[in-house]
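**Student:** So in UniProt numbering, spot 186 of the sequence shown is number 186, and the numbers just go up one at a time.
Beta carbons: idealized from backbone N, C-alpha and C, even for Gly.
Below you will find the structure I want to go over with you.
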Amino acid sequence: MIIKRRGYEMIPLWFIILVFLAVLVLGDRSNRRFRGPNFVHEPLETVEFSNSTGAVISCSAQGYPEPSIRWERRDGTPVSTIPGIRQIRPDNSLTVRSNWGVLTPRARSRVRIFQCNSMASCSRSVRSFPRLIYDEEIERLRKLLEDVSSDEETIEEETEDSDNEDVFSEHQSESEEECRSSDDETTVLQQSYEVHVSDHFVIRGSTAVLQCQSPPAVRPFIKVMLWLREDGVSIGSPGTIGDKFNILPTGELLVKNVVPSDTLIGYQCQVHHRLIGESKLSSTSGKIIIREPHSSLPPTITESRPIVRAREGERVFLPCVGQGYPTPSYRWGRRDGDRITSFHLGERILQKDGILIIQQAAIQDTGVYVCELNNSVGQDKAETKLLVSAPLSAKIDPESQTVDVGKMATLSCRVMGHPVHSVVWLKNGSPLVANGPIKLVSRDILQINPIRREDSGMYQCFVSNDQEVVQGSAELFVAGKICSQFLVLVISLLQSKIRQLMYILLITRRLTVLNCSFH
1 MIIKRRGYEM
11 IPLWFIILVF
21 LAVLVLGDRS
31 NRRFRGPNFV
41 HEPLETVEFS
51 NSTGAVISCS
61 AQGYPEPSIR
71 WERRDGTPVS
81 TIPGIRQIRP
91 DNSLTVRSNW
101 GVLTPRARSR
111 VRIFQCNSMA
121 SCSRSVRSFP
131 RLIYDEEIER
141 LRKLLEDVSS
151 DEETIEEETE
161 DSDNEDVFSE
171 HQSESEEECR
181 SSDDETTVLQ
191 QSYEVHVSDH
201 FVIRGSTAVL
211 QCQSPPAVRP
221 FIKVMLWLRE
231 DGVSIGSPGT
241 IGDKFNILPT
251 GELLVKNVVP
261 SDTLIGYQCQ
271 VHHRLIGESK
281 LSSTSGKIII
291 REPHSSLPPT
301 ITESRPIVRA
311 REGERVFLPC
321 VGQGYPTPSY
331 RWGRRDGDRI
341 TSFHLGERIL
351 QKDGILIIQQ
361 AAIQDTGVYV
371 CELNNSVGQD
381 KAETKLLVSA
391 PLSAKIDPES
401 QTVDVGKMAT
411 LSCRVMGHPV
421 HSVVWLKNGS
431 PLVANGPIKL
441 VSRDILQINP
451 IRREDSGMYQ
461 CFVSNDQEVV
471 QGSAELFVAG
481 KICSQFLVLV
491 ISLLQSKIRQ
501 LMYILLITRR
511 LTVLNCSFH
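In structure tokens:
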């Protein structure tokens, strides 16, 4: 009987060990089901809006457990709600609006730096690239209000005093100015404006260039949609190439080989304001005025572009327009070091008078192009730098991995697109500093050797150029080496206990049989 009690005393140990192993296995599986946050909707790089409409900036993420969303300033402090100006919706979208009353000379350009941070349990988080909200003052209104008393306060200025941590003066550092060009939300005061076309003087036989002129404050948001004569006859839209008229993608109207009959009628443009959706016809029409040459004149380039930017696959226009007498001829070449080499004109690369047209632009078309004007009494040159870019994309490989403590982990940021100006690594939403076991093997490859338990988390690589910023993210799990060794020890002890238990059960059974035979 005593032996039987001992046998029963061993059963709870067996049961406890089984339960312990089950907890380890289930805990490990639960760990593997955990998924760090990833953005579903990341804030756009550029959001433009007028003060009458405002803007809604979305940010959402997915993961397990469900991550929380927080809007922050650049220093990590949370973004507060300002009634009528800024609000965070229940769906985590950020609503911004400029609710200005009277502008005063004290009003200035303001820059707010916001970013969306998605956080989950276990200190895992991912962060969007800092977004800048840039409120651009209207210079014309500023000048009109120069006589307004300086002690007048605006709604926006009162807001700034109570929320000055996210306000910067217009004298921002160069680094923030550079960042502003690629990631900003621009607020523009809605105002009435006029568009007009000025007269253009040109030598007989040369090309006249008519421009659709608008106020500087609205110019970035105005697009020329159509050119027409003042009698209502349509000429064409941007990109039109013809025998008499060419219209550049930037909106200029080129009238070739000007003769006296071209001066009899004026030209008007029609524009579209993309923020408020308004279309408008120029209030004035411009005319061509011919200058009769009395002697030979060397050519002079009057219209060219120092830099032209294009996306891969787009049709590119490199304009070059000049005057002279006799009428000059145009020739395009490409700079190769100190030399200027000619290239074959065909279906993909065309020349229409002074305009060089490249169909389906490719990355290899990036370079410096030289336009030469020549006539019998001289020449003139102009250079245009063409920058062809391809959309950026970034992905970290592998997207998820589990590595034992003491081993090595490698994260590769797979980058596509052109150009790539910088690659920045973050861990759990904070800049990653390469030191100790954390090393940047190259700009795109991060290596951790030996890996530590605290290296577990979410990793991001931000890839940027002067036009866009993209990111890739990955999750790194660090398995406890001590836990693994302990599990091996438990299993070995369990095997020993099983052998002991089977031996005891066997002896107990034999004693029970002998005990029964004595009765």
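Report, in whole angstroms, the separation of the C-beta atoms of G286 and V197, which I expect to be a contact under 8 Å.
**Tutor:** Contact holds; Cβ gap of about 3 Å.
**Student:** Along the beta strand (DSSP E) that carries T302, what are the first and last residues, could you check?
**Tutor:** Unbroken beta strand (DSSP E) run through T302: 297 to 304.
**Student:** Can you have a look at I448 and say buried or exposed, based on whether 16 or more other CB atoms are within 10 angstroms of its CB?
**Tutor:** By the 10 Å Cβ count, I448 comes out buried.
**Student:** Just confirm the distance between the C-beta atoms of Q359 and R315, as a whole number of angstroms; I'd bet it's less than 8 Å.
**Tutor:** Yes, they are in contact, since the Cβ atoms of Q359 and R315 sit about 6 Å apart, within 8 Å.
**Student:** Once the 5 residues before and after E252 are set aside, which same chain residues still bring their CB inside 6 Å of it?
**Tutor:** Contacts found: V209, Q211.
**Student:** Can you give me the start and stop residues for the beta strand (DSSP E) that G324 sits inside?
**Tutor:** 320 to 325 is the extent of the beta strand (DSSP E) around G324.
**Student:** Taking 8 Å as the threshold (C-beta atoms), are R73 and I85 in contact?
**Tutor:** The answer is no: Cβ separation not under 8 Å.
**Student:** When you compare the CB positions of V377 and P298, do they come within less than 8 Å of one another, or not?
**Tutor:** Going by C-beta atoms, V377 is nearer than 8 Å to P298.
**Student:** Buried or exposed: which applies to P37, given that a residue is buried once 16 or more other Cβ atoms fall within 10 Å of its Cβ?
**Tutor:** So P37 ends up on the buried side.
**Student:** By the three-class DSSP mapping on this structure, what secondary structure does D262 have?
**Tutor:** Three-state result, D262: helix.
**Student:** Does DSSP put R453 in a helix, a strand or coil?
**Tutor:** Residue state, collapsed to three classes: helix.
**Student:** Given 8 Å as the limit, is there contact between the stretch 391 to 400 and the stretch 463 to 472, that is, 3 or more CB pairs closer than that?
**Tutor:** At 8 Å Cβ cutoff, the stretches touch.
**Student:** Going by beta carbon distance, what residues of the same chain come within less than 8 Å of H171, once the five residues before and after it are set aside?
**Tutor:** Bear in mind that the predicted position of H171 carries a pLDDT of just 30, short of 50, making it too unreliable to give a figure here.
**Student:** Where does Q500 land, buried or exposed, given buried means 16+ other C-beta within 10 angstroms?
**Tutor:** Exposed: under 16 other Cβ atoms inside 10 Å.
**Student:** From the DSSP output, which residues share a beta bridge with Q471?
**Tutor:** For Q471, which the question treats as bridged, DSSP gives the partners F462.
**Student:** Tell me the DSSP secondary structure of Q87 in three-state form.
**Tutor:** In this structure, Q87 counts as strand in the three-state DSSP scheme.
**Student:** Note down, in chain order, each residue of its chain lying with its Cβ closer than 8 Å to the Cβ of C59, except the 5 sequence neighbours on either side.
**Tutor:** Cβ within range, chain order: F39, H41, E42, P43, I69, W71, N92, S93, L94, C116, S118, S128.
**Student:** Give me, in chain order, the residues of the same chain whose beta-carbon lies closer than 7 Å to that of W227; leave out the 5 immediate sequence neighbours on both sides.
**Tutor:** Result list for W227: I235, G236, I247, L253, Y267, C269, in chain order.
**Student:** Nearest to R335 by CA position, among K352, I307, G367, is which residue?
**Tutor:** The shortest Cα separation from R335 among K352, I307, G367 belongs to G367.
**Student:** Do T327 and G205 count as a contact pair if the criterion is CB distance below 8 Å?
**Tutor:** Result yes, Cβ atoms of G205 and T327 sit closer than 8 Å.
**Student:** Does the beta-carbon distance from R291 to F201 come in below 8 Å?
**Tutor:** In this structure, F201 lies closer than 8 Å to R291 by Cβ.
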